[in-house]
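Start counting the sequence shown at 7; every next residue gets the next number (this note's numbering). For each residue, glycine too, the CB sits at the ideal point set by N, CA and C.
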Amino acid sequence: MSAIDLLIEGKRLKIALVAEKKKRFLDLLLLGDEQESMIDRYLEYGDLWVLSDENVAIAVAVVTVEQNGICELKNLAVDTSYQQHGIGSFLLQYLFNQYRKSCHTIYVGTGQTQRTLNFYKKNGFIYSHRIKNFFLDNYDHPIVDEGLLLRDMVYLKRKLKTAISVRK
Numbered sequence: 007m008s009a010i011d012l013l014i015e016g017k018r019l020k021i022a023l024v025a026e027k028k029k030r031f032l033d034l035l036l037l038g039d040e041q042e043s044m045i046d047r048y049l050e051y052g053d054l055w056v057l058s059d060e061n062v063a064i065a066v067a068v069v070t071v072e073q074n075g076i077c078e079l080k081n082l083a084v085d086t087s088y089q090q091h092g093i094g095s096f097l098l099q100y101l102f103n104q105y106r107k108s109c110h111t112i113y114v115g116t117g118q119t120q121r122t123l124n125f126y127k128k129n130g131f132i133y134s135h136r137i138k139n140f141f142l143d144n145y146d147h148p149i150v151d152e153g154l155l156l157r158d159m160v161y162l163k164r165k166l167k168t169a170i171s172v173r174k
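Structure (structure tokens):
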């Protein structure tokens with residue numbers, strides 16, 4: 007596990023790429039995707055990033071590198087006691103920096119709740135496409151967020167700025 011130390015709002019936080027025993031973060035992962043079998047579809051081959059406060063995990067993200075310079079954010083979750091403090095946005099910006107070297111675009115699939123869509127739009131994502139009835143067809147129970155039964159998966163995308171190489 008490689009890690010770097012960060013100072014955010016006076017707190018010393020650590021972000022690490024975790025390669026082994028990823029399931030130990032299942033409680034946090036379930037905040038971002040509430041069915042374990044769905045998490046199992048991407049967790050082992052995805053990159054798991056963990057943000058910790060004094061060795062306690064407070065946020066996680068899973069990113070998969072797909073083909074043709076595409077990445078997908080499969081899971082982003084922040085412990086409820088740390089939400090609304092910019093932790094999710096900070097983690098996203100960190101991921102944009104990490105993946106712009108290997109990907110030109112990052113996608114995220116999410117439910118159609120206004121709070122979630124606004125969060126991603128605030129962080130530079132725009133609408134890409136929709137998969138009809140994704141939540142109804144792929145989950146073993148109804149998924150309800152903000153009192154809304156989720157049906158369609160809404161995909162958003164964001165271009166990742168890459169360094170410009172100058173040819174002589």
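Under DSSP, S58 forms a beta bridge with K20 and A63. Within the same chain, Cβ atoms closer than 6 Å to the Cβ of G38 are found at N81, L82 and A83, the five residues on either side in sequence being excluded.
In this structure D151 touches T119 by the C-beta definition: roughly 5 Å separates them, less than 8 Å.
Taken through DSSP and simplified to helix, strand or coil, I132 comes out as strand.
Straight-line spacing of the CA atoms in M159 and N129 works out to 19 Å. Only residues of its own chain outside the window of five on either side were considered, and among them L155 have a CB closer than 7 Å to the CB of P148, listed in chain order.
V66 and L101 do not touch by the CB rule: their CB atoms are close to 11 Å apart, not below 8 Å. With a minimum length of 3 residues, the unbroken runs of beta strand (DSSP E) contained wholly in the region 89-139 fall at 111-116 and 132-137.
Nearest in C-alpha terms to A22, of all of N61, Y161, R157 and F141, is N61. Using a Cβ distance threshold of 8 Å, F125 and G94 count as a contacting pair.
Our two residues, G153 and E40, have alpha carbons roughly 15 Å apart in a direct line.
Counting along the chain, the unbroken alpha helix (DSSP H) around E42 starts and ends at E42 to D46. Excluding the 5 residues flanking it on each side, Y105 has same chain C-beta neighbours closer than 7 Å at V69, C77, I112 and L166, in chain order.
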